[in-house]
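The opening residue of the sequence shown carries number -7 in our numbering; numbering runs sequentially from there.
Notes for the one structure printed next.
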Amino acid sequence: MPGEPQVFLGKDKAFTYDHVFDMDSQQESIYTHCTESLIEGCLEGYNATIFAYGQTGSGKTYTMGTGFDVNIEEDELGIIPRAVHHLFRGIEERRRAATEQGRPAPEFKINAQFLEVQEHTHSHTHTQP
């Protein structure tokens, strides 16, 4: 797409992307730039997809927050736990505002899917007796 950030591979392959973050990026900053507006959109009824792509060891699990470390510090929480907190906080705020204004509380239905694709390479050594 002209005018959008792209990575070019060879002469005929172009991939458009939204954001790139360096090694010093903080989890909160990544969430604010990439995800916050998507979750706000979900609260208005829109669908959202967050897709993290990168080489093995590049930080996808950490950034998405799927390591499930129970002792993790709040500032190190990844995108998924932040998004879940954001969604339920937003629902509660909208229900409370409706009740305070004498309107019926809105109903929400949440569907979430999580998929992690891992590429495994195996080396097989065959020996003959």
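Cβ atoms here follow ideal geometry from the backbone N, Cα and C, with glycine treated the same way.
Measuring only the C-alpha atoms, how far is residue i from residue j?
{"i": "G82", "j": "M15", "result": "30 Å"}
{"i": "Y9", "j": "A97", "result": "38 Å"}
{"i": "E36", "j": "D61", "result": "31 Å"}
{"i": "E108", "j": "K5", "result": "25 Å"}
{"i": "S50", "j": "I64", "result": "19 Å"}
{"i": "A104", "j": "C34", "result": "11 Å"}
{"i": "G2", "j": "R74", "result": "37 Å"}
{"i": "A89", "j": "K101", "result": "18 Å"}
{"i": "F106", "j": "E99", "result": "23 Å"}
{"i": "Q(-2)", "j": "E84", "result": "39 Å"}
{"i": "T24", "j": "Q93", "result": "30 Å"}
{"i": "T91", "j": "H77", "result": "21 Å"}
{"i": "T48", "j": "Y38", "result": "31 Å"}
So, residue i versus residue j, is the Cβ gap smaller than 8 Å?
{"i": "I71", "j": "I22", "result": "yes"}
{"i": "D67", "j": "E28", "result": "no"}
{"i": "I31", "j": "L79", "result": "yes"}
{"i": "A40", "j": "K52", "result": "no"}
{"i": "G59", "j": "L69", "result": "no"}
May I ask you to check if the CB of residue i is nearer than 7 Å to at least one heavy atom of the ligand FMN?
{"i": "T58", "result": "This structure lacks the ligand FMN, and indeed carries no ligand of any kind."}
Taking the alpha-carbon of residue i as reference, which of the options has the nearest alpha-carbon?
{"i": "Y54", "options": "F0, Q93, E85, Q18", "result": "Q18"}
{"i": "G(-5)", "options": "F13, H25, H77, F7", "result": "F7"}
{"i": "Q110", "options": "F13, A90, G46", "result": "G46"}
Residues in the same chain with beta-carbon distance under 7 Å from residue i, minus the five sequence neighbours each way, listed in chain order, please.
{"i": "F13", "result": "I22"}
{"i": "F0", "result": "A6"}
Got a sec? Which residues, its chain only, sit under 6 Å from residue i by beta carbon, not counting five neighbours each side?
{"i": "C26", "result": "H11"}
{"i": "R86", "result": "P98"}
>> My parser needs the alpha helix (DSSP H) runs of 4 or more residues fully inside the region 12 to 45; what are they?
In response: Counting whole runs of 4 or more residues, the region 12 to 45 contains the alpha helix (DSSP H) stretches 19 to 26, 28 to 35.
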